[in-house]
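In the working numbering, the protein residues as written are 307 to 511. Even for Gly, the Cβ is constructed at its ideal location relative to N, Cα and C.
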(Lines of atoms letter the chains of each structure in order from A and count residues from 1; the text may use other names and numbers.)
(Lines give C-alpha, C1' and ligand atoms only; values in the text may rest on other atoms or scores of the structure.)
Protein backbone atom coordinates (compact mmCIF):
# COMPACT_ATOMS: atom_id res chain seq x y z
CA UNK A 1 0.00 0.00 0.00
CA UNK A 2 1.23 3.51 -0.85
CA UNK A 3 0.20 6.80 0.69
CA UNK A 4 -3.53 7.46 0.44
CA UNK A 5 -4.89 10.88 -0.55
CA UNK A 6 -8.13 11.83 1.18
CA UNK A 7 -10.41 14.85 0.95
CA UNK A 8 -12.97 15.48 3.69
CA UNK A 9 -15.98 17.39 2.32
CA UNK A 10 -18.66 18.86 4.56
CA UNK A 11 -22.01 18.42 2.81
CA UNK A 12 -23.88 18.34 6.10
CA UNK A 13 -26.37 20.71 7.69
CA UNK A 14 -24.56 20.56 11.02
CA UNK A 15 -24.71 23.87 12.89
CA UNK A 16 -22.91 22.87 16.07
CA UNK A 17 -19.46 23.71 14.69
CA UNK A 18 -18.14 20.51 16.24
CA UNK A 19 -14.66 19.23 15.53
CA UNK A 20 -14.31 16.25 13.22
CA UNK A 21 -12.24 13.64 15.04
CA UNK A 22 -10.26 10.98 13.16
CA UNK A 23 -8.46 8.17 14.96
CA UNK A 24 -7.28 4.58 14.69
CA UNK A 25 -7.51 1.74 17.18
CA UNK A 26 -4.63 -0.42 18.33
CA UNK A 27 -5.90 -3.88 17.40
CA UNK A 28 -3.25 -5.48 19.63
CA UNK A 29 -4.96 -4.13 22.76
CA UNK A 30 -8.65 -4.07 23.63
CA UNK A 31 -8.14 -1.82 26.65
CA UNK A 32 -5.93 0.91 25.20
CA UNK A 33 -7.43 4.38 24.89
CA UNK A 34 -7.24 5.78 21.33
CA UNK A 35 -5.55 9.08 20.51
CA UNK A 36 -7.18 11.82 18.43
CA UNK A 37 -4.90 11.58 15.39
CA UNK A 38 -6.56 14.49 13.59
CA UNK A 39 -9.14 17.01 14.74
CA UNK A 40 -10.49 19.27 11.99
CA UNK A 41 -12.11 22.49 13.18
CA UNK A 42 -14.27 25.14 11.50
CA UNK A 43 -14.98 23.15 8.34
CA UNK A 44 -17.97 25.07 7.01
CA UNK A 45 -20.71 23.61 4.86
CA UNK A 46 -19.39 23.12 1.32
CA UNK A 47 -15.76 23.37 2.44
CA UNK A 48 -13.19 20.61 2.14
CA UNK A 49 -10.06 19.55 4.00
CA UNK A 50 -7.48 17.47 2.08
CA UNK A 51 -5.06 15.29 4.03
CA UNK A 52 -2.79 12.31 3.54
CA UNK A 53 -2.81 8.90 5.21
CA UNK A 54 0.84 7.82 4.97
CA UNK A 55 1.76 4.17 5.31
CA UNK A 56 5.02 5.19 6.98
CA UNK A 57 5.01 5.67 10.73
CA UNK A 58 7.51 6.65 13.40
CA UNK A 59 8.04 5.64 17.01
CA UNK A 60 9.54 7.42 20.00
CA UNK A 61 9.97 6.85 23.72
CA UNK A 62 9.75 9.17 26.70
CA UNK A 63 10.79 8.73 30.31
CA UNK A 64 9.56 9.91 33.67
CA UNK A 65 11.88 12.93 33.57
CA UNK A 66 10.06 14.37 30.57
CA UNK A 67 12.78 13.39 28.09
CA UNK A 68 11.82 12.27 24.57
CA UNK A 69 13.87 10.22 22.14
CA UNK A 70 14.20 11.12 18.50
CA UNK A 71 11.40 9.79 16.33
CA UNK A 72 12.58 6.63 14.57
CA UNK A 73 11.00 5.63 11.24
CA UNK A 74 9.02 2.45 11.85
CA UNK A 75 7.36 -0.18 9.70
CA UNK A 76 4.80 -2.88 10.33
CA UNK A 77 6.43 -6.24 11.01
CA UNK A 78 9.48 -4.73 12.68
CA UNK A 79 10.77 -4.62 16.24
CA UNK A 80 12.55 -1.82 18.09
CA UNK A 81 14.12 -1.44 21.51
CA UNK A 82 15.23 1.26 23.92
CA UNK A 83 18.74 0.49 25.15
CA UNK A 84 21.39 2.19 27.27
CA UNK A 85 24.63 3.26 25.56
CA UNK A 86 27.66 5.27 26.65
CA UNK A 87 25.95 8.40 25.36
CA UNK A 88 22.60 7.69 26.99
CA UNK A 89 19.42 5.86 26.10
CA UNK A 90 18.89 5.13 22.39
CA UNK A 91 15.86 3.82 20.50
CA UNK A 92 17.02 1.44 17.76
CA UNK A 93 15.77 -1.14 15.28
CA UNK A 94 16.31 -4.69 16.55
CA UNK A 95 15.00 -6.91 13.74
CA UNK A 96 11.74 -8.35 12.42
CA UNK A 97 8.76 -8.84 14.72
CA UNK A 98 7.36 -12.33 15.24
CA UNK A 99 4.02 -11.10 13.89
CA UNK A 100 4.37 -9.33 10.55
CA UNK A 101 1.27 -7.23 11.28
CA UNK A 102 2.66 -5.72 14.48
CA UNK A 103 5.12 -3.04 15.52
CA UNK A 104 6.87 -3.94 18.77
CA UNK A 105 8.94 -1.63 20.97
CA UNK A 106 10.77 -3.20 23.92
CA UNK A 107 11.90 -1.42 27.03
CA UNK A 108 15.38 -2.97 27.22
CA UNK A 109 16.57 -0.64 29.98
CA UNK A 110 17.77 -2.12 33.27
CA UNK A 111 15.56 0.31 35.19
CA UNK A 112 13.00 2.93 34.33
CA UNK A 113 9.42 2.91 33.09
CA UNK A 114 8.81 4.50 29.68
CA UNK A 115 5.94 5.65 27.50
CA UNK A 116 5.94 4.64 23.82
CA UNK A 117 4.53 6.94 21.14
CA UNK A 118 3.54 6.09 17.55
CA UNK A 119 3.24 8.83 14.94
CA UNK A 120 1.66 8.97 11.50
CA UNK A 121 2.23 12.00 9.26
CA UNK A 122 4.08 13.62 12.15
CA UNK A 123 1.04 13.48 14.42
CA UNK A 124 0.56 11.30 17.49
CA UNK A 125 -1.44 8.21 16.54
CA UNK A 126 -1.15 5.95 19.58
CA UNK A 127 0.35 5.91 23.06
CA UNK A 128 1.30 3.07 25.40
CA UNK A 129 2.01 4.25 28.93
CA UNK A 130 4.07 2.74 31.74
CA UNK A 131 6.04 0.10 29.84
CA UNK A 132 8.28 -1.57 32.42
CA UNK A 133 11.83 -2.88 31.80
CA UNK A 134 11.77 -6.13 29.84
CA UNK A 135 8.24 -5.52 28.60
CA UNK A 136 7.03 -4.70 25.06
CA UNK A 137 4.60 -2.16 23.71
CA UNK A 138 2.72 -3.85 20.87
CA UNK A 139 0.81 -2.00 18.16
CA UNK A 140 -1.28 -3.25 15.26
CA UNK A 141 -3.26 -0.99 12.97
CA UNK A 142 -5.72 -1.98 10.27
CA UNK A 143 -6.01 0.39 7.27
CA UNK A 144 -9.17 1.78 8.86
CA UNK A 145 -10.13 5.24 10.07
CA UNK A 146 -12.70 5.86 12.80
CA UNK A 147 -14.43 9.22 12.43
CA UNK A 148 -16.99 11.21 14.39
CA UNK A 149 -17.84 14.69 15.64
CA UNK A 150 -17.17 16.12 19.09
CA UNK A 151 -17.11 19.55 20.68
CA UNK A 152 -14.14 19.28 23.02
CA UNK A 153 -11.53 16.81 21.75
CA UNK A 154 -7.91 17.94 21.40
CA UNK A 155 -5.68 16.65 18.61
CA UNK A 156 -2.92 14.43 20.01
CA UNK A 157 -4.79 13.77 23.26
CA UNK A 158 -6.35 10.57 24.56
CA UNK A 159 -10.03 10.31 23.68
CA UNK A 160 -12.65 9.91 26.38
CA UNK A 161 -14.36 6.52 26.33
CA UNK A 162 -17.75 8.23 26.35
CA UNK A 163 -16.95 9.60 22.89
CA UNK A 164 -15.37 6.48 21.40
CA UNK A 165 -18.36 4.39 22.47
CA UNK A 166 -20.58 6.63 20.33
CA UNK A 167 -18.39 6.47 17.21
CA UNK A 168 -19.60 3.67 14.95
CA UNK A 169 -18.28 4.87 11.58
CA UNK A 170 -15.16 3.12 10.36
CA UNK A 171 -13.84 3.69 6.85
CA UNK A 172 -11.71 0.95 5.33
CA UNK A 173 -8.83 2.27 3.22
CA UNK A 174 -7.69 -1.17 2.06
CA UNK A 175 -6.61 -1.08 -1.59
CA UNK A 176 -7.50 2.61 -1.99
CA UNK A 177 -5.21 5.25 -3.51
CA UNK A 178 -7.57 8.23 -3.04
CA UNK A 179 -11.12 9.01 -1.97
CA UNK A 180 -13.46 11.72 -0.76
CA UNK A 181 -14.89 11.45 2.76
CA UNK A 182 -18.36 12.97 2.55
CA UNK A 183 -20.01 14.31 5.70
CA UNK A 184 -23.82 14.50 5.60
CA UNK A 185 -26.71 14.84 8.04
CA UNK A 186 -27.14 17.31 10.85
CA UNK A 187 -29.61 20.19 10.88
CA UNK A 188 -31.86 21.81 13.45
CA UNK A 189 -35.25 21.02 14.91
CA UNK A 190 -37.41 17.99 14.09
CA UNK A 191 -35.66 17.40 10.76
CA UNK A 192 -32.28 16.79 12.39
CA UNK A 193 -30.54 13.58 11.33
CA UNK A 194 -27.33 12.02 12.68
CA UNK A 195 -24.09 13.17 11.08
CA UNK A 196 -22.74 10.46 8.78
CA UNK A 197 -19.50 9.88 6.88
CA UNK A 198 -19.00 7.82 3.73
CA UNK A 199 -16.32 7.20 1.12
CA UNK A 200 -17.08 8.41 -2.41
CA UNK A 201 -15.13 8.92 -5.63
CA UNK A 202 -12.88 6.04 -4.59
CA UNK A 203 -9.84 5.24 -6.70
CA UNK A 204 -8.07 1.96 -6.15
CA UNK A 205 -4.34 1.37 -6.18
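- Nearest Cα to residue 375 within the set 384, 362, 390 and 361: 390.
- CA-to-CA, the gap between residue 416 and residue 451 works out to about 37 Å.
- In the displayed model, residue 497 falls within a helix according to three-state DSSP.
- The beta carbon of residue 427 sits closer than 7 Å to the beta carbons of 358 and 360 from its chain, once the five residues preceding and following it are set aside; these are given in chain order.
- Residue 484 sits close to residue 310, with the two beta carbons spaced by under 9 Å.
- Fewer than three pairs of CB atoms, one per stretch, sit closer than 8 Å, so the segment 326-342 makes no contact with the segment 382-399.
- Residue pairing of residue 442 in beta bridges, as defined by DSSP: 412.
- CA-CA distance, residue 369 to residue 443, rounds to 14 Å.
- As a beta-bridge residue in DSSP terms, residue 341 pairs with 464.
- Bridge pairing for residue 389: 396 [DSSP].
- Residue nearest to residue 446 within the set 330, 394 and 324 is 330 (criterion: CA-CA distance).
- Counted as a single uninterrupted DSSP element, the beta strand (DSSP E) harbouring residue 379 occupies residues 378-380.
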